[in-house]
Amino acid sequence: MAKQQTEVRELDEGSYVMMDETPSKITSYSTAKPGKHGSAKARIDGKGVFDGKKRSLSQPVDAKVWVPIINRKQGQVVNVDDDELQVMDLESYDTFVMVNPGDEDLEPDDQIEFLEYEGQRKIV
Numbered sequence: 411m412a413k414q415q416t417e418v419r420e421l422d423e424g425s426y427v428m429m430d431e432t433p434s435k436i437t438s439y440s441t442a443k444p445g446k447h448g449s450a451k452a453r454i455d456g457k458g459v460f461d462g463k464k465r466s467l468s469q470p471v472d473a474k475v476w477v478p479i480i481n482r483k484q485g486q487v488v489n490v491d492d493d494e495l496q497v498m499d500l501e502s503y504d505t506f507v508m509v510n511p512g513d514e515d516l517e518p519d520d521q522i523e524f525l526e527y528e529g530q531r532k533i534v
């Protein structure tokens with residue numbers, strides 16, 4: 411599995427964290443100062459990288475959380491078929507099928523950038 415452990419205090423907005431076993435990008439990070447009988451707490455709000463769902467997490471700042479290692483890769487569109495794209499990874503020359511996000515008009519031979527984590531891929 412491509413993930414590592416880190417403390418909550420080392421996270422910041424824009425970085426990635428595992429929330430509900432799903433890689434999520436942190437949209438907001440806030441801390442509450444320590445109380446009389448406890449440590450400082452952090453509240454983290456995020457959005458799923460591949461599914462777009464909003465999630466939140468509340469942990470002590472010294473707790474350990476998992477951070478996914480998401481690879482950013484370059485690819486080339488080989489074929490466009492309705493809402494599916496056949497893409498070739500420019501590093502390993504593997505070809506695979508991705509869903510066309512629909513907001514971009516992609517043609518064969520277009521260069522794209524995509525995120526990859528454990529078999530999940532998303533065009534950036």
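Here our numbering runs 410 ahead of the position in the sequence shown, where the first position is 1.
Backbone N, C-alpha and C define an ideal beta-carbon position, used for all residues, glycine too.
- Which of helix, strand or coil DSSP assigns to E494: Note: E494 maps to strand in three-state DSSP.
- Residue range of the unbroken beta strand (DSSP E) whose run includes F506: Following the DSSP letters along the chain, one finds F506 inside the beta strand (DSSP E) bounded by residues T505 to V509.
- Message: To test your reading of the DSSP string, which unbroken beta strand (DSSP E) runs of 3 or more residues are found completely within the segment 436-488?
- Response: 451-458, 464-470 and 474-478, all fully within the segment 436-488.
- Task: From the DSSP output, in three-state form, read off V418 for me.
- Result: Of the three classes helix, strand and coil, the one that applies to V418 here is helix, per DSSP.
- From K435, N489, E501 and D504, pick the residue whose C-alpha is nearest to that of D519; which is it? Residue N489 holds the alpha-carbon nearest to the alpha-carbon of D519 among K435, N489, E501 and D504.
- Task: Pull up the distance between the alpha-carbon of D504 and that of L421, whole angstroms please.
- Result: Each residue's Cα considered, the two are about 33 Å apart.
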